[in-house]
Structure formats: C-alpha cells, structure tokens
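Step one of this worksheet: look at the structure below.
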Amino acid sequence: MLAFPLSGCPVDPSGEVVGTYNVTGSLVENSCGSTAFAAQDPIDFVVELRAEDHGPAYWRRPTAAIVNGSHTGDVYRFRTEVPVTLYAADPTTGTPGCTLAQVETILVTAKASEAGDGGVSTPNDQGRADAGAASGEIFRGESVIELVPTAGSNCLRAVALSGGPFLTLPCRVEYDL
-1 MLAFPLSGCP VDPSGEVVGT YNVTGSLVEN SCGSTAFAAQ DPIDFVVELR AEDHGPAYWR
59 RPTAAIVNGS HTGDVYRFRT EVPVTLYAAD PTTGTPGCTL AQVETILVTA KASEAGDGGV
119 STPNDQGRAD AGAASGEIFR GESVIELVPT AGSNCLRAVA LSGGPFLTLP CRVEYDL
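The numbering of the sequence shown is our numbering, which starts it at -1 and goes up by one.
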C-alpha cells in the first residue's frame, strides 16, 4: 500500500527550528502605486525559520506555502517568483498580453538569544535563567517585491500614463522587517 501526504496538510520541513517570530514590517517604498499594489502598512505575521547545518533554510508561515532558501550563519535568504497575468494577448490586433514576474526576495538576520543565568536567583526560579526572565531574540531584515514585465509582454496599457493602475513598470514594494 502506498502512502501519500494528505492534500492541504502541511508537511514539516527538515532542519532545526531557529525560532518562531512575531514580525512587524513597515512600508519603505511602493513605486507601483497604491491602485496597482495595495501595500499594507504595517504588516504583521508569524514566521517559523528552520535551518540545516550546510545551507538550506525554510521560511514557514501558518497560512502560506513553505519557502526554501539558504543561510550563512545567522543571515537567511529566500526568493519566490510567480507569474501574474494582467491581460491576455489580443488575437484580433495581434497585440501581446501583459504578464508580470512577481519576485519576492526576503533577507533577514535571525538569531535566538541563548540565555544564561546571569547569577540572579530567587527561591521560585525553578532553575530557569535569570529567574524566568524572557530571553531576547534578534530578527531584522527586508522584504522586496518586484513586478517586472516578462519577455514578450506589452504592458503599456497597465501604466498610468496610458490609463492603467501602475505608476511605472517595473516597480517595487519594500518593507523593513
């Protein structure tokens, strides 16, 4: 009998858990324009980072697909690319359609602090570091989303100059995390 993972059930990626982080991001730039890309500010989400010893890393959000990436020490890199079709080709006029490559690049530094007992003990600390005080964690970085017309696309109608929603193409949305 063959066994297959159930559709819709998340599969745990390999690697050790680096940490689970509550992330707040602030919008730095939206050159696409708010009509074309409704960038939220701020953004809030939870992400689990996992890493293997020799480079592979995993970005895991509860409601999204797992993203494979890499790491060197405490620096993690992730990249996704998906095609977004704005409009199809017009066979009557022979005008090409417009498909954008939506490329997201995430670069973060993440590290779970290792708390040691700083020598402060209380009768009820139960052996925890610094009487149970929470250890600090480091998580900072950036997320950049670029929208770039793919080869063979004609996206002129999508630009504001021609009445479209985009201020310019290619364009980018950037967050500090």
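Cβ atoms here follow ideal geometry from the backbone N, Cα and C, with glycine treated the same way.
In this structure, the CA atom of Glu79 is about 12 Å from the CA atom of Asn66. Taking one beta carbon from each stretch, the segment 82 to 100 and the segment 54 to 74 have fewer than 3 pairs nearer than 8 Å; the two do not touch. Rounded to whole angstroms, the separation of the alpha carbons of Glu135 and Glu27 is 27 Å. Following the DSSP letters along the chain, one finds Ile64 in no beta strand (DSSP E), marked with neither H nor E. Sequence-distant Cβ neighbours of Gln100 in its own chain, meaning closer than 6 Å and more than five residues away, are Val80, Val82, Leu145. Runs of the beta strand (DSSP E) lying entirely within the segment 60 to 106, each at least 3 residues long, are 65 to 70, 73 to 85 in chain order. Cβ atoms of Arg138 and Val106 come within 8 Å of each other, at about 7 Å. Excluding its 5 nearest sequence neighbours in each direction, Val73 has C-beta neighbours in its own chain below 6 Å: Thr107, listed in chain order.
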